[in-house]
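So the structure is just underneath, and the comments pick up after that.
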Amino acid sequence: MKKMNYQKVLRRFNLDKIKKSIVTEIACTDTSNATIALSLTLGIFLAFSPAWGFQTVLAISLALLLKLNKVLALITVNISSIPPLIPLIVIAGYQTGALVLHGEFQKEVPDLMDLRNLGENYLQFALGSLVFAIMIGVIFYLVIFLILGRYRKV
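Residue numbering for the sequence shown follows full-length UniProt numbering, starting at 1 and increasing by one per position.
This is the structure:
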């Protein structure tokens, strides 16, 4: 079995290119700051939602339907694909669900990367993910809108 060389992968994953595409998309667009902030927020909301596997399709569809910037929505929805963030997103949804359903965080979290454990706790995970996605989305929208208002004059 051939081992994967993570250093090669990280070199190809060029953060400068991603940063440049985001800046270009924001700077060259003639849309309002609210539309840009909503486009980015749509992606963040879907990244934290329990719609795993459908996030990209949902991001494109909703961006088209709501007349938002598809590129910006796609960039932010893909943060849920960054390997170190996946367990954090799942645990945040699970613990938020515990808080909503039981009134407190759970001290012990089952191995949610095991599909059997996730299936047994899916209601808690799904509800918590939706609540967490809404909270993150609102905070993200406000921060991005304020930053755009300060640095981008339309």
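All C-beta atoms in this analysis are idealised placements derived from N, C-alpha and C, irrespective of residue type, glycine included.
Can you find the residues in the same chain that come closer than 6 Å, C-beta to C-beta, to leucine 38, ignoring five residues on each side of it along the sequence?
For the purposes of this step, residue 38 is taken as the residue at position 38 of the sequence shown. The residues Leu68, in chain order, have a CB closer than 6 Å to that of leucine 38 in the same chain once the five nearest residues on each side in sequence are set aside.
Suppose you measure from the CA of serine 81 to the CA of leucine 58; what does that come to, to the nearest Å?
Counted from its first residue, the sequence shown places residue 81 at position 81. Counted from its first residue, the sequence shown places residue 58 at position 58. Roughly 15 Å between the two C-alpha positions.
Comparing alpha-carbon positions, which option in Ala126, Val131, Lys153 and Ile144 lies nearest leucine 52?
Locating residue 52 in the sequence shown gives position 52, where the first residue counts as 1. What sits at residue 52 in the sequence shown is tryptophan, not leucine. It is Ala126.
Identify whether methionine 1 lies in helix, strand or coil by the three-state DSSP scheme.
Counting from 1 along the sequence shown, the entry for residue 1 is found at position 1. In this prediction, methionine 1 scores a pLDDT of 49, lower than 50, which makes its location untrustworthy; no coordinate-derived value is stated.
Considering only residues of the segment 75-154, which uninterrupted alpha helix (DSSP H) runs meet the minimum length of 4 residues and lie entirely inside it, listed in chain order?
Taken in chain order, the complete alpha helix (DSSP H) segments of 4 or more residues contained in the segment 75-154 are 85-102, 115-120 and 122-151.
Out of curiosity, what's the CA-to-CA distance linking threonine 96 and valine 143?
Looking up residue 96 in the sequence shown gives position 96. Looking up residue 143 in the sequence shown gives position 143. Threonine 96 and valine 143 have their alpha carbons spaced roughly 22 Å apart.
Rounded to whole angstroms, what's the CA-CA distance from asparagine 121 to proline 83? Just pull it up for me.
Within the sequence shown, numbered from 1, the residue matching residue 121 stands at position 121. Within the sequence shown, numbered from 1, the residue matching residue 83 stands at position 83. The straight-line gap from Cα to Cα measures roughly 22 Å.
When we look at the beta-carbon of phenylalanine 48 and count the other beta-carbons within 10 Å, is it buried (16 or more) or exposed?
Taking the sequence shown and counting its residues from 1, the one referred to as residue 48 is at position 48. With 16 or more Cβ atoms within 10 Å of its Cβ, phenylalanine 48 is classed as buried.
Please report the residue range of the alpha helix (DSSP H) in which phenylalanine 48 lies.
Along the sequence shown, read from residue 1 onward, the residue named residue 48 stands at position 48. That run of the alpha helix (DSSP H) goes 33-48.
Can you tell me whether methionine 1 is buried or exposed? The criterion is at least 16 other CB atoms within 10 Å of its CB, across all chains shown.
For this step, residue 1 is matched to residue 1 along the sequence shown. Note that methionine 1 scores a pLDDT of 49, beneath 50, so its modelled location is shaky; the value from the coordinates is reported in the next line. For methionine 1, the number of other beta carbons within 10 angstroms of its own is below 16, and it is reported as exposed.
Proximity of isoleucine 44 and phenylalanine 132 at Cβ, strictly below 8 Å
Mapped onto the sequence shown, residue 44 falls at position 44. Mapped onto the sequence shown, residue 132 falls at position 132. Going by beta carbons, isoleucine 44 and phenylalanine 132 fall outside the 8 Å limit.
Verify whether the separation of the beta carbon atoms of glutamine 124 and alanine 98 is less than 8 Å.
Along the sequence shown, read from residue 1 onward, the residue named residue 124 stands at position 124. Along the sequence shown, read from residue 1 onward, the residue named residue 98 stands at position 98. Yes.
In its own chain, which residues sit with a C-beta less than 8 Å from the C-beta of isoleucine 79, not counting the 5 before and 5 after it?
In the sequence shown, residue 79 corresponds to position 79, counting from 1. Here the set comprises Gly43, Ile44, Ala47 and Leu85.
Chain-order list of residues whose beta-carbon lies under 7 Å from that of threonine 76 (same chain, five-residue window excluded)
Reading the sequence shown from its first residue, position 76 is the one you call residue 76. Answer for threonine 76: Leu40, Gly43, Ile44 and Ala47, listed in chain order.
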